[in-house]
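Chains as they are written, first to last, in my numbering: chain Z, 11 to 127; chain C, 374 to 487. For each residue, glycine too, the CB sits at the ideal point set by N, CA and C. Heads up: the structure comes next, in structure tokens.
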Amino acid sequence: AQKVTQAQTEISVVEKEDVTLDCVYETRDTTYYLFWYKQPPSGELVFLIRRNSFDEQNEISGRYSWNFQKSTSSFNFTITASQVVDSAVYFCALSEHGSSNTGKLIFGQGTTLQVKP
Amino acid sequence: KAGVTQTPRYLIKTRGQQVTLSCSPISGHRSVSWYQQTPGQGLQFLFEYFSETQRNKGNFPGRFSGRQFSNSRSEMNVSTLELGDSALYLCASTPGSGGVNEQFFGPGTRLTVL
Numbered sequence: 011a012q013k014v015t016q017a018q019t020e021i022s023v024v025e026k027e028d029v030t031l032d033c034v035y036e037t038r039d040t041t042y043y044l045f046w047y048k049q050p051p052s053g054e055l056v057f058l059i060r061r062n063s064f065d066e067q068n069e070i071s072g073r074y075s076w077n078f079q080k081s082t083s084s085f086n087f088t089i090t091a092s093q094v095v096d097s098a099v100y101f102c103a104l105s106e107h108g109s110s111n112t113g114k115l116i117f118g119q120g121t122t123l124q125v126k127p
Numbered sequence: 374k375a376g377v378t379q380t381p382r383y384l385i386k387t388r389g390q391q392v393t394l395s396c397s398p399i400s401g402h403r404s405v406s407w408y409q410q411t412p413g414q415g416l417q418f419l420f421e422y423f424s425e426t427q428r429n430k431g432n433f434p435g436r437f438s439g440r441q442f443s444n445s446r447s448e449m450n451v452s453t454l455e456l457g458d459s460a461l462y463l464c465a466s467t468p469g470s471g472g473v474n475e476q477f478f479g480p481g482t483r484l485t486v487l
């Protein structure tokens, strides 16, 4: 069965600290996609990144970076030099490609990040 | 380009009533998905529509239904509301043929059932 686990429920850091959000997934499929979304207090989910199962290259986008390791079924997200505006709930999600090619996302429970000034 | 819009943003209903929520996808997007978000269950997939056809359905009772129109706008309906249906309902649209492309979410409709 597909499952996404975000073991960290809440994280609190002080501005400018680096923080890593963990994501572990389970799937029997060989082709799948992993996503990270940010949900600020306004409620709207904001897409951050998509990674397919064949691309294990790490990705860096400004202060954000992602580490994908198939060997440990993990797709961790690091924010460098955190800012107050990074405060939000972050969700990791899994989508299996399968034969139906549907857009069903399996979400983790989310990690609430609080960045204090 | 306008984002995904959802109406209404807030809704209060009583048990036993029914409700219809609306979602307008980003222009050109033909795939629309719906999710329910609650504190206890988190984000759960409801269903996905593509070209007016339901392509996938989550594990929800038959009281939850949806449809998509020829202009890709989608509605979801919940009949015989229960207290547990109180949630944030999120709609997402996807470019191309949908599937595993990134989904762009709307602001959601917050439904409160009294």
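query = Do the region 112-122 of chain Z and the region 464-480 of chain C make contact, defined as three or more Cβ pairs closer than 8 Å?
reply = yes
query = Beta-carbon of Phe45/Z versus every beta-carbon of chain C: anything under 8 Å?
reply = In the first sequence, residue 45/Z corresponds to position 35, counting from 1. Cβ-Cβ to chain C under 8 Å: yes for Phe45/Z.
inquiry  = When you compare the CB positions of Ser452/C and Gly439/C, do they come within less than 8 Å of one another, or not?
reply    = Residue 452/C sits at position 79 when you count from the first residue of the second sequence. Residue 439/C sits at position 66 when you count from the first residue of the second sequence. No; because the gap between Cβ atoms is not below 8 Å, this pair is not in contact.
ask   = So Tyr85/Z packs on Tyr35/Z, CB below 8 Å; how close in whole Å?
value = Numbered from 1 along the first sequence, position 75 holds the residue referred to as residue 85/Z. Numbered from 1 along the first sequence, position 25 holds the residue referred to as residue 35/Z. Correcting the residue identity first, residue 85/Z is Phe in this sequence and not Tyr. That pair is a contact at about 7 Å.
Asp39/Z and Gln18/Z closer than 8 Å at C-beta = As a first step, residue 39/Z must be located in the first sequence, where it is residue number 29. As a first step, residue 18/Z must be located in the first sequence, where it is residue number 8. Not in contact: Asp39/Z and Gln18/Z (Cβ atoms no closer than 8 Å).
query = What does Glu421/C pair with, by DSSP beta-bridge criteria?
reply = What you label residue 421/C is simply residue 48 of the second sequence in a count that begins at 1. In the DSSP output, where bridge partners are listed per residue, Glu421/C has Ser406/C, Asn429/C.
query = Would you report the Cα separation of Leu104/Z and Asn62/Z, rounded to the nearest angstrom?
reply = Reading the first sequence from its first residue, position 94 is the one you call residue 104/Z. Reading the first sequence from its first residue, position 52 is the one you call residue 62/Z. The straight-line gap from Cα to Cα measures roughly 10 Å.
Cβ shell of Ser445/C (< 6 Å), same chain only, five flanking positions each side left out = As a working mapping, residue 445/C is identified with position 72 in the second sequence. Result list for Ser445/C: Pro398, Arg403, in chain order.
With 16 other Cβ atoms within 10 Å as the buried cut-off, status of Phe423/C = As a first step, residue 423/C is located in the second sequence; it is residue number 50 there, counting from the start. Phe423/C is buried by the Cβ-count criterion.
inquiry  = Which residue marks the beginning of the beta strand (DSSP E) containing Phe64/Z, and which one marks its end?
reply    = The residue you call residue 64/Z lines up with position 54 of the first sequence. Where Phe64/Z is concerned, there is no enclosing beta strand (DSSP E), given that its DSSP letter is neither H nor E.
message = Quick check on this structure: which residue in Val377/C, Glu455/C, Gly415/C has the alpha carbon closest to the alpha carbon of Val405/C?
response = In the second sequence, residue 405/C corresponds to position 32, counting from 1. Measuring from the Cα of Val405/C, the nearest candidate turns out to be Val377/C.
ask   = Who does Glu20/Z pair with in a DSSP beta bridge?
value = By one-based count along the first sequence, residue 20/Z stands at place 10. Bridge partners of Glu20/Z: Thr122/Z.
key: Neighbour list for Arg60/Z in chain C, Cβ cutoff strictly below 9 Å   = Locating residue 60/Z in the first sequence gives position 50, where the first residue counts as 1. Correct list: Val473, Asn474, Glu475.
ask   = So Leu461/C packs on Gly481/C, CB below 8 Å; how close in whole Å?
value = For the purposes of this step, residue 461/C is taken as the residue at position 88 of the second sequence. For the purposes of this step, residue 481/C is taken as the residue at position 108 of the second sequence. At roughly 5 Å, the Cβ-Cβ gap stays under 8 Å, so Leu461/C and Gly481/C are in contact.
ask   = In three-state terms, what does DSSP make of Ser71/Z?
value = By 1-based counting over the first sequence, the position of residue 71/Z is 61. Strand.
request  = Could you confirm whether any beta carbon from chain Z is found closer than 8 Å to the beta carbon of Phe478/C?
outcome  = The residue labelled residue 478/C in the question sits at position 105 within the second sequence. With 8 Å as the cut-off, Phe478/C counts as an interface residue toward chain Z.
request  = Spatial neighbours of Gly365/C within its chain, please: CB distance less than 8 Å, with the 5 preceding and 5 following residues excluded, ordered by chain position.
outcome  = Examination of residue 365/C is not possible in this model, given that chain C is present from 374 through 487 alone.
ask   = Name the chain C residues that come within less than 7 Å of Gly72/Z, Cβ to Cβ?
value = Here residue 72/Z refers to the residue found at position 62 when the first sequence is read from its first residue. None at all; the shortest Cβ gap to chain C is about 18 Å.
ask   = Quick one: which chain Z residues come within Cβ less than 9 Å of Gly415/C?
value = Your numbering for residue 415/C matches position 42 in the second sequence. Phe101, Phe117, Gly118, Gln119, Gly120, listed in chain order.
inquiry  = Restricting to Cα atoms, I'd like to know which of Val486/C, Ser443/C, Gly389/C, Ser466/C is closest to Leu55/Z.
reply    = Within the first sequence, the letter at position 45 stands for residue 55/Z. The shortest Cα separation from Leu55/Z among Val486/C, Ser443/C, Gly389/C, Ser466/C belongs to Ser466/C.
key: For Gly415/C, three-class secondary structure by DSSP   = For the purposes of this step, residue 415/C is taken as the residue at position 42 of the second sequence. Of the three classes helix, strand and coil, the one that applies to Gly415/C here is strand, per DSSP.
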